[in-house]
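Have a look at the structure below before the remarks.
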Amino acid sequence: MKRRDLLFYAPVAVAGGFFAWLGVRTYNLRFRPRPGAGRPTWKEGPKVAVTRLGEMGVWQAKPFLYPLPLGELKALLLRLPEPAPGGLSLGEEHYLAVSRICTHQGCTVNYVPDPEAASILYNFRYERPFLGCPCHFGAFDPLLGGKAVYGPPRYPLPRLRLEAEGDTLYATGHEVPLRPMEGS
Ligand code: FES
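For what it's worth, the UniProt record's numbering labels the leading residue of the sequence shown as 1, then goes sequentially.
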């Protein structure tokens with residue numbers, strides 16, 4: 001190949017590679033199918049009081065720690081406006097508890113109550129509050145039971161089983177597999 005041809009083809013190859021990378025990245029971030037959070041399989045665990053019924057408002061979140069043999073699992077309880085898969089509904093009160101360990105690479109996810117304010121940071125506009133991971137800006141939807149809806153994570157956040165007794169809500173176990181701590 002002549003030097004003049006090389007000067008022409010090299011930038012074309014670089015540009016082609018860039019657009020191919022951009023296409024794959026956009027597909028992975030936004031359109032790649034991700035498994036839903038269906039009916040969970042529970043593993044029995046310790047009974048931990050998380051909140052009193054009626055104490056939390058809709059779209060409020062409460063972090064808590066759930067004891068496991070290898071340490072404490074960071075978890076989050078949310079009160080939702082409607083039932084979510086794997087959550088607990090008591091009349092008009094709907095709850096979901098999820099692990100805060102991101103199923104991508106294990107960072108701690110945070111509750112993002114104002115999706116509009118976070119849309120620039122995440123480069124992702126969502127119609128309702130979500131759970132966001134600060135490491136690579138993955139997002140999970142609590143109304144879909146913690147399903148991954150944006151970014152690198154593929155799997156949903158594992159859920160914790162909720163049970164009510166008297167006026168108290170307890171976490172009494174967790175979903176298996178407990179990604180990424182157990183299986184992938
Ligand atoms: S560790 Fe959460 S998005 Fe990568």
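Cβ atoms here follow ideal geometry from the backbone N, Cα and C, with glycine treated the same way.
Among the residues of its own chain, which have a CB less than 6 Å from the CB of residue i, if the five just before and after it don't count?
{"i": "residue 42", "result": "161 and 173"}
{"i": "residue 34", "result": "148 and 154"}
{"i": "residue 65", "result": "72"}
{"i": "residue 107", "result": "133 and 135"}
{"i": "residue 167", "result": "52 and 53"}
{"i": "residue 63", "result": "76"}
{"i": "residue 58", "result": "79 and 81"}
Tell me which same chain residues have a C-beta within less than 8 Å of the C-beta of residue i, skipping the five on either side of it?
{"i": "residue 83", "result": "89 and 94"}
{"i": "residue 4", "result": "none"}
{"i": "residue 142", "result": "78, 80, 84, 96, 98, 129, 130 and 131"}
{"i": "residue 169", "result": "49, 50, 51, 52, 53, 77, 88, 95, 162 and 163"}
Residue i: which of the options sits nearest, CA to CA?
{"i": "residue 96", "options": "31, 135, 163 and 107", "result": "163"}
{"i": "residue 171", "options": "159, 61, 177 and 181", "result": "159"}
{"i": "residue 179", "options": "104, 127, 69 and 57", "result": "104"}
{"i": "residue 39", "options": "92, 87 and 62", "result": "87"}
{"i": "residue 53", "options": "127, 117, 8 and 91", "result": "91"}
{"i": "residue 60", "options": "144, 114, 150 and 151", "result": "114"}
{"i": "residue 36", "options": "140, 166, 63 and 74", "result": "140"}
{"i": "residue 151", "options": "9, 102, 127 and 56", "result": "102"}
Within 10 angstroms of its Cβ, does residue i collect 16 or more other Cβ (buried), or is it exposed?
{"i": "residue 11", "result": "exposed"}
{"i": "residue 186", "result": "The displayed coordinates of the chain run from 1 to 184. Any statement about residue 186 would go beyond what the structure contains."}
{"i": "residue 27", "result": "exposed"}
{"i": "residue 136", "result": "exposed"}
{"i": "residue 157", "result": "buried"}
{"i": "residue 109", "result": "buried"}
{"i": "residue 112", "result": "buried"}
{"i": "residue 31", "result": "exposed"}
{"i": "residue 138", "result": "buried"}
{"i": "residue 17", "result": "exposed"}
{"i": "residue 146", "result": "buried"}
{"i": "residue 7", "result": "exposed"}
{"i": "residue 184", "result": "Residue placement at residue 184 cannot be trusted, given a pLDDT of 49 that sits under 50; what the coordinates show is reported in the next sentence. Per the 10 Å Cβ criterion, exposed."}
When you measure from the CB of residue i to every non-hydrogen atom of ligand 3, does any distance come out below 6 Å?
{"i": "residue 180", "result": "By its list of ligands, the structure shown excludes ligand 3, since it contains just ligand 1."}
Residues in the same chain with beta-carbon distance under 7 Å from residue i, minus the five sequence neighbours each way, listed in chain order, please.
{"i": "residue 176", "result": "41, 43 and 182"}
{"i": "residue 119", "result": "125"}
{"i": "residue 14", "result": "none"}
{"i": "residue 56", "result": "62 and 79"}
Q: Spell out a yes or no on whether the segment 46-53 and the segment 123-134 are touching, meaning 3 or more CB-CB pairs, one atom from each, closer than 8 Å.
A: no
Q.
Could you tell me which whole alpha helix (DSSP H) segments of length 4 or greater appear in the UniProt domain "Rieske" (65-171)?
A. The qualifying runs are 115-122.
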